[in-house]
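Take a look at the structure set out below.
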Amino acid sequence: MQGWSFERKIQVTQLRILEWYEKWGGKVYISFSGGKDSTVLLDLARRMYPDVPAVFCDTGLEYPEIREFVKSKDNVEWLRPMRYNKSTKSWEPTNFKEVIKTEGYPLISKEVSRHIHDVRKLGNDCFAAKMFTGERGQYDISKYKFLISAPFDISNKCCTIMKKNPFHVYEKESDRKPIIATMASESRQRRTQWLRDGCNSFDGKISSKPISFWTDQDVLRYIKTFNIKYATVYGDIVEDERGRLLTTGENRTGCMFCMYGCHLEKEPNKFQRMKISHPKQYDYCIRSVDDNGLGLGEILDYIGVPYK
Ligand code: SF4
């Protein structure tokens, strides 16, 4: 499917959107991050259903250009990060600083962060500990064993609190089902999920990911072909000498301060680029917690990722 023609991809994606919309009697929404993938998805969906709502979670971690772009769109519901308070039995607003203080930093990847958190909580005999010895697990993560004794907390709870919870609450209250712009080409995990569930999954884990089989090139081509507006943080879309499309600014946006995957980036990495493009935000995230920052400088030093 990834090798299909551009035109066929558009047709099949719109068919998947139609199936989802019909199945739920129109009670659907577009999960809109303001990034280029969900901008394309929103355009595709609104060509068919102009009134379909978009929902954006304002995590405080988006590039300022992304927030501005989202503001320019009609019919967008804004959500905020939230966590469940067991003693008051209610959802309460929260923010990234509070999450890293109470739960720990998201580091390397969701899986590695989760396993580190589990080993620290359950001890060296637990299942997660075997992941770091190579006895269990599909992939070798033994090189991250040193993080088990790092002098700061690590966990994978951030995404749940910052993004999943607010959408979960919205879905319960609105009774709408999401349409999401993730693609199999983005990561091993997303590819595995797509191979298992397909684009629309109506039972088990209910989900619609109708651009799953698109590539980054398809997304850029769609933006160029239909001349749709997108967030300025990406810069211009240009062709390289081999005819491949690329952005002159950021290629992937997502959370500005997230450290997932930053150890794999070539220099200048996202933090080094941020130092030039967004110095205020850079200063805030790198500064120590004692100095009223997020303390990422110390964490990046610990895992050997340059940021200067
Ligand atoms: S992508 Fe990173 S920073 Fe953003 S919510 Fe998930 S873990 Fe947190």
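Just add 56 to wherever you are in the sequence shown, counting from 1, and you've got my numbering. Using N, Cα and C, we set each Cβ at its ideal position, and we do this for glycine too. Please read all numbers here as calculations on a predicted model, not as lab measurements.
CA-to-CA distance, residue j to residue i, given in whole angstroms
i: phenylalanine 183; j: isoleucine 197; result: 14 Å
i: proline 362; j: aspartate 259; result: 44 Å
i: arginine 343; j: tyrosine 161; result: 15 Å
i: glycine 82; j: tryptophan 270; result: 24 Å
i: arginine 103; j: isoleucine 66; result: 12 Å
i: serine 257; j: tryptophan 76; result: 9 Å
i: glycine 91; j: threonine 115; result: 14 Å
i: tryptophan 134; j: glutamine 273; result: 29 Å
i: threonine 238; j: isoleucine 267; result: 7 Å
i: lysine 186; j: lysine 177; result: 14 Å
i: glutamate 118; j: lysine 127; result: 13 Å
i: methionine 138; j: tryptophan 80; result: 26 Å
i: valine 68; j: serine 87; result: 19 Å
i: glycine 190; j: isoleucine 204; result: 15 Å
i: aspartate 99; j: aspartate 339; result: 35 Å
i: valine 225; j: glycine 59; result: 37 Å
i: valine 108; j: lysine 201; result: 46 Å
i: aspartate 242; j: arginine 232; result: Position check: residue 242 holds glutamate in this sequence, whereas aspartate was assumed. Approximately 26 Å between the Cα atoms of the pair.
i: proline 324; j: glycine 291; result: 17 Å
i: arginine 308; j: arginine 123; result: 15 Å
i: serine 61; j: aspartate 346; result: 54 Å
i: leucine 356; j: serine 165; result: 14 Å
Contact set for residue i: own chain, Cβ-Cβ below 6 Å, skip 5 residues either direction
i: valine 96; result: Val275, Tyr278
i: threonine 288; result: Glu121
i: phenylalanine 327; result: Tyr363
i: alanine 365; result: In the structure as shown, the chain begins at 57 and stops at 364. Residue 365 is therefore absent and cannot be evaluated.
i: methionine 218; result: Thr115, Pro137
i: lysine 322; result: none
i: proline 149; result: Arg136, Met138
Buried or exposed (CB count within 10 angstroms, at least 16 for buried), residue i
i: asparagine 283; result: exposed
i: isoleucine 332; result: exposed
i: tyrosine 140; result: exposed
i: arginine 316; result: According to the sequence as given, residue 316 is tyrosine; it is not arginine. Answer is buried; the Cβ neighbour count reaches 16.
i: asparagine 180; result: exposed
i: leucine 350; result: buried
i: threonine 144; result: exposed
i: glycine 299; result: exposed
i: lysine 228; result: exposed
i: aspartate 93; result: buried
i: lysine 142; result: exposed
Cβ distance (whole Å) where residue i is taken to contact residue j below 8 Å
i: aspartate 209; j: glutamate 159; result: 7 Å
i: alanine 110; j: lysine 129; result: 6 Å
i: cysteine 255; j: arginine 72; result: 5 Å
i: cysteine 113; j: proline 222; result: 5 Å
i: lysine 280; j: leucine 301; result: 7 Å
i: phenylalanine 377; j: phenylalanine 313; result: Examination of residue 377 is not possible in this model, given that the chain is present from 57 through 364 alone.
DSSP state of residue i mapped onto helix, strand, coil
i: threonine 288; result: helix
i: glutamate 297; result: coil
i: glutamate 118; result: coil
i: lysine 83; result: coil
i: asparagine 221; result: helix
i: leucine 350; result: coil
i: tryptophan 60; result: coil
i: alanine 101; result: helix
i: alanine 206; result: coil
i: methionine 138; result: strand
i: lysine 129; result: coil
i: tyrosine 195; result: coil
i: methionine 315; result: strand
i: valine 361; result: coil
i: alanine 237; result: coil
i: isoleucine 73; result: helix
i: tryptophan 147; result: strand
i: valine 15; result: With the chain running from 57 to 364 in the structure shown, residue 15 is simply not present.
Contacting residues, own chain, Cβ-Cβ under 7 Å from residue i (five flanking each side not counted)
i: serine 169; result: Pro162, Leu163, Ile210, Ser211, Asn212
i: aspartate 253; result: Lys261, Ser263
i: proline 335; result: none
i: histidine 173; result: Gly160, Ile210, Ser211, Asn212
i: alanine 206; result: Tyr358
i: isoleucine 156; result: Leu350
i: tyrosine 105; result: Tyr77
i: threonine 304; result: Gly291, Asp292, Val294
Own chain, CB closer than 8 Å to residue i, minus 5 neighbours either side, in chain order
i: arginine 329; result: Glu306
i: glutamine 194; result: none
i: glycine 360; result: His319
i: cysteine 215; result: Pro162, Lys166
i: aspartate 296; result: Leu302
i: arginine 192; result: Phe183, Lys186
i: leucine 74; result: Met104
7 Å Cβ cutoff, residue i in contact with chain B
i: cysteine 215; result: In the structure shown, chain B does not exist; there is a single protein chain.
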